[in-house]
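Inspection log for the structure reproduced underneath, given as structure tokens.
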Amino acid sequence: MLVVELLFAWMLVIAFLAFIACTFEDLESDVGSQSNPNSQVQLAAQVGQVHRFFNKAISGEPLSNAMYCTVAGTTAWILLQKLEPIVPDAKWKAAVVAIPLGVAVAAMIHIIFSITAHCGRTAGQKRFEQPIYLDVLYGHLLPIATHGFMTTFCITSIAYIQSNLGTLAGDPRLNHPFALPLLAFIWGITVGAIGSSTGDIHYGTEREFQDRPFGEGKRVVYHGKITRYAECGVRTQKDIVGFCAKFGGPCTGLTFGLIILFENYRTLIGMELARFLPVLPADLPFVPDVHFATAAGNMSAVWGIVVGLFIIAALLVGNMVFVRWVRKKYGPFVGA
Amino acid sequence: MALEPEMILIVGYVVIGGLLASLGAHLLPVGGAPAAMGTATGVATGTVQLMFGAVMTGLFTSSTVSSFSNNIWLVAISGAVGAAIMITVVMFMANIMYVFGCGIVPVSGRVAVDPITKEPQTPYKTPQTDGHGVPNVVFISGTMGGFVGGFGGGLMYFALLFYANFTYVTAAIAALSIFLANAILAAYNIRGTTEGLYDPKFKRLPKALVSSLAISVLAGIVVLLATIGLPQGGI
Amino acid sequence: MTVTPAVVEEEEVTAPKKGLSFKFPFAETELGLIAGILAAIITIFTGLPAVIKAVGMLLAFVWGADSVRKTSKYGLGTGVPSIGVLGIGYGVIGALMGLAFARYGSVEGIFYPAVLIGVLFMGGIGLVSGYFSNNEKFIAMKIPRLERAMMELGMAGTLVILLQFSIVTGSLRFDAVVDQVMDTGVIAFMFILSCMGMFHPYNACLGPDERRERTLMLSLEISGLISIILGFAMIVLGTSPFGLWDPIALIVFGVIVWVVFYRRFIKACMKECYATVGTGLIKTIG
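Protein chains in written order, with the numbering used here: chain A, 1499 to 1834; chain B, 9 to 243; chain C, 2 to 287.
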């Protein structure tokens, strides 16, 4: 028996998890310098500025996050295959055990890749006299792993909920057609793409160049000359994450949360408006079949598209109003 | 499986999807590493990564829709809208980050006057930079890029699902692989940063489209041959 | 798992060490030829135990990582990862094509020569894309020998994916692969970890003092990690014709490869970097 309220409730849970996931994803890329701002950390030694940053150049954020989430998803799937037959009546018990264990495996892989990236990149910079500081190497591993754990845990949970959404809401025919590891892969890529495109700005533009003038784009001559001193002593990545947690991280989390919310919301609203939802078609197959369609199904796709177009138009107009307001408030460039 | 006329459609849709992937990648405002320092206009990530993230979001919705609809246009447009929502939210939030986190006004570095809102750009720009933030002209180009790219991805996914009779996951992974190859070639053509539609680099588009066409035709033939070579009854 | 007999371990220990002693002195071309041919032969014979397939996978990874390295040295403009992802993207398409033709001339469960059609076709596509990327009239990347590198990447990617299919399913039948690899979602794991195995080595070691041997060690290390998790997936799917010993041997092999090359890599890095210090202030202060 399908309970529509439950579908919406699970959607909100997913959006909440997405918010947490992307917040920590951004902070994870700050606690071990990764992705685009890392080019400055890489450049710093070349322009003669030896530093104590953690150069975590695993890859771009989308691919590395997809890796952690997919490893977690695959391990969780392996465990679920073994554990679910033990508790056939209460499969959630299997998930409660499998997801954290899978994520723990992903955290270990995360640490392994972080070490190889930091050591490899630093060894590749021998001629710039950049040493490997062992306290920097060891001291950052646990923060990296824990921040990554949060992200991966939330994403794996999202993937689990989505691949069992129908079962959880009362009708298994509404489960997402993709398997758990693939959903983890998809959201891993997306969470990384968003974390890298939104969250990095706060780290790269503001925190990495904090001793430069505020309120202007960082000029090309500043590149590589990153801020190397903290409020007290020499700066490491741990000083950065506390700063970014106050604005960059939550903002990034909001981005991903909104995307997940909009995406799921418009699909569900479309199904509701087209009268597809409360009573599913009786012949809807258990294994999703692409050749199956009803008029109500097609109409729900149309409604979903219409709602989505409204959201896009609202954001377009919102950005225009916002940019106009900012220009009026901030005024033209007045510095040197 | 014997060659049926509608299987030729697979090649057609794969080629269209590949070309749209290339076009979408060219339309996206990509700032790359300089944008993360507020030195270039656009979203602070690479072309491939942004396109990948957007298309993944679109693909998720496409696959949901394809489980209760069999209309190729509905599935593809659902994916397009999903990708466009992802891009617009990202660009909007990036602007919020630039404005409230770093005190920077969104400014285009390539045009002196915004061709859409007619706002002047140059006085607001920091010297020695290439613009910063996501101004309106770039925002619109990016939305178009996300829409076009998502449409291409959804189209390819559905063609593989419906005409080649792949399973859901197989179709998703195969569509993704072909899409990625095209997006990466487009990224090589762009080389670093671009502002989308109004960027001089956009004029290089035909070169990438030709390469993309060649790759997509070959990839489409591969999928077609795979479909024909399959044991009876599809996968 | 704790009851693994020592015999199995001893058997596997020899494989990676041998590889290290005579593989690395090879130049790029020789490495490509040897790794490619060996990996192709191992791909065809699917009746082999998973450990031997893992050795083939390891060779293909080294080949791919070497191709990424020689291309990315010249700067791609979009970061190293893109070219590795390109290789695996081609690899997935090529593997699908190879699988579709696998049944021609095959001996069920043992010998599938026709899968190499996919490898060759992907080499062709790689060549075409390399031509278009490098040609003055088109994308004009102007990277020496990009055509060959992209061709090698396509072939190495296809071999890697095919070998992983063959490890997990124990055969190369299309329906088995779709059931056990695609629909379960293990393909996502293969896709992303293979990408990592291709591009992470060079991406992680990037810099003016990068050294080829050190970079390639990392690729071996990642293939060890992949072997471990694929071993667990094999246990769950229960597809091996040799029973439970096959995945356990694979896991042991993976652990050994990983430990050996991880230790070597970290030691090499710490020895070859400017200095390894416990702690210290940065140069300008003290």
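Backbone N, C-alpha and C define an ideal beta-carbon position, used for all residues, glycine too.
Listed along chain C, the residues sitting closer than 8 Å to Val218(B) by beta-carbon distance are Phe133, Phe139.
Between the stretch 195-211 of chain C and the stretch 220-229 of chain C, the count of C-beta pairs closer than 8 Å reaches three or more; the two stretches touch. The three-state secondary structure of Ala48(B), taken from DSSP, is strand. Scanning its chain for C-beta atoms nearer than 7 Å, with the 5 sequence neighbours on each side dropped, one finds around Asn103(B) the residues Pro114, Gly141, Val142, in chain order. The contact set of Asn204(C) on chain A, defined by CB atoms closer than 7 Å, consists of Ala1555, Ser1557 in chain order.
Around the beta carbon of Thr1654(A), 16 or more other beta carbons lie within 10 angstroms, which makes this residue buried. Not one beta carbon of chain B lies nearer than 8 Å to the beta carbon of Phe1517(A). Counting only Cβ-Cβ distances below 9 Å, Glu127(B) has contacts in chain A at Val1821, Arg1822, Arg1825, in chain order.
For Gln1579(A), at least one C-beta of chain C is nearer than 8 Å to its own C-beta.
At least one CB of chain A lies nearer than 8 Å to the CB of Met197(C).
DSSP places Arg1619(A) inside the alpha helix (DSSP H), whose first and last residues are 1589-1621.
For Ser75(B), there are no CB contacts under 7 Å within the same chain when 5 residues up- and downstream are skipped.
Our two residues, Gly1622(A) and Gly1571(A), have alpha carbons roughly 33 Å apart in a direct line. The three-state reading of DSSP puts Tyr1727(A) in strand, counting E and B together. For Phe122(C), the neighbours in chain B by C-beta distance under 7 Å run, in chain order, Val230. By the rule that beta-carbons nearer than 8 Å mark a contact, Tyr171(B) does not touch chain C. Membership of Pro1560(A) in the alpha helix (DSSP H) is indicated by the continuous run 1559-1581.
Taking C-beta atoms under 8 Å as the contact rule, Met59(B) and Leu36(B) qualify, at a distance of about 6 Å. Beta-bridge analysis with DSSP links Ile1630(A) to Thr277(C). Scanning Ile24(B), Ala52(B), Ile18(B), Leu17(B) for the CA closest to the CA of Glu203(B) turns up Ala52(B). For the pair Ile1738(A) and Tyr1701(A), the Cα-to-Cα distance works out to about 7 Å. Asn78(B) and Val1777(A) do not touch by the CB rule: their CB atoms are close to 20 Å apart, not below 8 Å. In the DSSP annotation of this structure, the continuous segment of the alpha helix (DSSP H) that includes Lys1736(A) starts and ends at 1735-1742. Around Val1548(A), the beta-carbon contacts reaching into chain C at under 7 Å are Ile283, Lys284. Of all C-beta pairs linking the stretch 94-114 of chain C to the stretch 150-165 of chain C, three or more are shorter than 8 Å, placing the two stretches in contact. The three-state reading of DSSP puts His1721(A) in coil, since its state is none of H, G, I, E or B. The Cβ atoms of Ala189(C) and Pro1679(A) sit closer than 8 Å to each other.
Comparing alpha carbon positions, the residue from Ile24(B), Val23(B), Leu17(B), Gly39(B) closest to Ala195(B) is Gly39(B). Of the candidates Leu251(C), Met142(C), Leu160(C), Leu160(C) places its Cα closest to the Cα of Ala115(C). Scanning Val1511(A), Ile1512(A), Ser1527(A), Leu1510(A) for the CA closest to the CA of Asp1698(A) turns up Ser1527(A). For His34(B), none of the residues of chain A pass the 8 Å Cβ criterion, the least Cβ distance being about 17 Å.
Around the Cβ of Met101(B), a 10 Å sphere holds 16 or more other Cβ atoms; the residue is buried.
Shown here, Pro128(B) sits in a strand according to DSSP, grouped into three states. By the neighbour-count definition (other C-beta atoms within 10 Å, threshold 16), Thr175(B) is a buried residue. Contact annotation for Val1732(A) against chain C: Leu282, Ile283 [CB-CB distance below 7 Å, chain order]. A contact between stretches requires three or more CB pairs, one per stretch, nearer than 8 Å, and the stretch 127-141 of chain B fails this requirement with the stretch 1750-1765 of chain A.
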